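Report on the structure given below.
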Amino acid sequence: MSELSVAIGQLIRNRRTQQKLTQESLALQCGIDRSYMGRIERGEVNLTVEKIYEIAFVLKISAKDLGCVDTFSLKK
């Protein structure tokens, strides 16, 4: 698990719970399995940019709101 994956997963979980969505509901709307959504939220999955945008769209937020760029500095 990378720090970035864990941080993104926590942000997704926070947004999901703020909107009172279940993992199952969010996963269904994103077209993925609930267990996979759980792995995303635990930071066990390296998400593609496409999947980040899909999840952000369902959560009605910008992909930037998931903190992908602002939270971490790129290592050289």
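Numbering (this note's numbering), first residue to last: 1035 to 1110.
Glycine residues also receive a C-beta, built at the ideal position from the N, C-alpha and C atoms.
Note that the structure is predicted; figures quoted are calculated from it, not measured.
Subject >> Sequence-distant residues of the same chain with beta carbon closer than 8 Å to A1090, five excluded per side >> reply: S1096, A1097, D1099, L1100
Subject >> C-alpha gap between G1043 and Q1052, whole angstroms >> reply: 14 Å
Original post:
Which value, in whole angstroms, describes the spacing of the CA atoms of A1041 and G1077?
Top reply: 7 Å
Subject >> Nearest neighbour of G1072, chosen from K1094, L1060, V1083 [CA to CA] >> reply: L1060
Original post:
Which runs of the alpha helix (DSSP H), 4 residues or longer, sit entirely within the segment 1047-1075?
Top reply: 1057-1064, 1068-1075
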